[in-house]
Amino acid sequence: MTLRFLRALDRHQVPLYIAAIAAGGGLGLLAPRAAPALERAIEPALMLLLFATFLGVPMTQLGRALRDVRSLATVLTANFALLPLLAWGLSLLVADDRGLLLGVLLVLLAPCVDYVVVFAGLAGGAGPRLLAATPFLMLVQVLLLPVYIALFAGAELLGVIEPAPFVEAFVLLIAIPLAAAATIQSLARKHPAAGAITTAMADATPPLMMLALAVVVGSQVAAVGSQLQVLMRVVPLFVAFAGVAAALGVLVSRIARLDAAGERAVIFSLATRNSLVVLPLALALPPAMAIAPLAVVTQTLVELVVMVVLVRVVPHVTPARSA
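First residue of the sequence shown? That's 2 in the numbering used here, and the numbers climb one at a time after it.
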């Protein structure tokens, strides 16, 4: 019964994710006092989701993915040489509000390293290639984010950012789930229990994604609603960023002559930002910058809707072909 239920969830993932977003939003609005508890649940929910995601990608494929220099170079070049210019141009539209400016730059300059693998996989993207790119994406954004913030917003704003939450997020959301997944996979050949965990977590990925979406939205929706008039300024920027980034993903992938799976992975990497990892950075900002984390959360809400749309659209605009 449970297995049939989980398989049914797997067949209807996109509408169920929309329902999870709606449920989280409803809970956050009807019970705003639950927000702190939901916020504490974000990291455990994401750790479980990413563990299940990493477990579903055979680690033996990572070596081949790392040798795919063309895909890796395309992802890194587009994310760190092209998209920063787009982020900077859009941020000029809110340059009069330092909190909004910092929030916009923090989230748009940081490529996603977590649930992008899930959404790209739903659209037929090359999950192993994205997974192989994850350490590079995280390392380079740690190095370049301060540089771009100083260039685009000024060195004085850079001084208010506390780096410790960024490192903590990397350890909790990437290093630990990836190490745990690699360990279980290595044990699965000899120990039936490890194989059973792998199967169970694969079936549990849709409900874990629903849980993560619900707690993220539920934890922040009331705060976003209280500043909705101000935050509406950034909604068109985030929509525009996702649309232009996705189109850029198609362009650079075809210039690089990637196959369809690689192209889909690049599109999602460019369109998806690292909002859940940079949120702790934004929450650690001084009270005068209190709008910045709300801008980051607003980007998350916009992005989740965009991801659901892209899962449906991207396979139709990236026909199967050889690299």
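Even for Gly, the Cβ is constructed at its ideal location relative to N, Cα and C.
Look at R274 here: in three-state DSSP terms it is strand. If the five residues before and after S220 are omitted, its C-beta is found closer than 7 Å to the C-beta atoms of G29, A36, L39, E40 and I43, all from its own chain and listed in chain order.
The C-beta separation of G104 from R265 comes to about 29 Å, leaving the pair out of contact by the 8 Å criterion. CA-to-CA, the gap between L271 and V251 works out to about 10 Å. DSSP places P45 in the helix class (H, G or I) of the three-state scheme.
Closest in alpha carbon position to P281, among A289, S92, L47 and E169, is E169. Its Cα nearest to that of L140, the residue V172 stands out among V117, V172 and A154. Under the 8 Å Cβ criterion, the segment 193-211 does not count as touching the segment 70-77, having fewer than three qualifying pairs. In the DSSP assignment, G250 falls within the alpha helix (DSSP H) that extends over V236 to I256. Beta-carbon to beta-carbon, T75 and L249 are separated by about 11 Å, too far to satisfy the 8 Å threshold. V235 sits away from T301, with the two beta carbons spaced by 8 Å or more.
Under DSSP, no beta-bridge partner is assigned to P16. If you draw a 10 Å sphere on the C-beta of M48, you find 16 or more other C-beta atoms in it, and that means buried.
Looking at the DSSP output, P112 sits in a beta bridge with R274. Taking 8 Å as the cut-off, the Cβ atoms of I292 and G100 count as close.
Residue environment analysis places E304 among the buried positions, since at least 16 neighbouring C-beta atoms fall within 10 angstroms of its C-beta. Its chain contains L102 as the residues whose beta carbon lies nearer than 7 Å to that of A96, once the 5 sequence neighbours on both sides are disregarded; these appear in chain order. The DSSP assignment places complete alpha helix (DSSP H) segments of no fewer than 4 residues inside the segment 74-151 at 84-92, 99-109 and 117-123, in order along the chain. Here the segment 117-132 does not lie against the segment 181-194, with fewer than 3 beta-carbon pairs under 8 Å apart. When secondary structure is reduced to three states using DSSP, T319 falls in the coil class, being assigned neither helix nor strand.
The residues L286, P287 and M290, in chain order, have a CB closer than 7 Å to that of V161 in the same chain once the five nearest residues on each side in sequence are set aside. A direct Cα-Cα distance of roughly 32 Å separates A296 from A180.
For A223, the CB contacts under 7 Å within the same chain, skipping 5 residues up- and downstream, are G29, L30, P33 and A36 in chain order. Listed in chain order, the non-local C-beta contacts of V119 below 8 Å within the same chain comprise L50, T54, T206 and M210, local neighbours out to five positions each way being set aside. Beyond the five residues adjoining it in sequence on each side, P166 comes within less than 8 Å, by CB distance, of P281, L282, L284 and A285 in the same chain, given in chain order. For G155, the three-state secondary structure derived from DSSP is coil. L86 has its alpha-carbon roughly 19 Å from the corresponding atom of D98. Apart from sequence neighbours up to five positions away, the residues of its chain that approach P59 with a beta-carbon distance below 8 Å are P129 and Q186, ordered along the chain. Straight through space, the alpha carbons of L277 and L144 are spaced by roughly 18 Å. Annotated three-state conformation of R190 is coil, per DSSP.
Of M308, P45, L106 and L17, the smallest CA-CA separation from L93 is found for L106.
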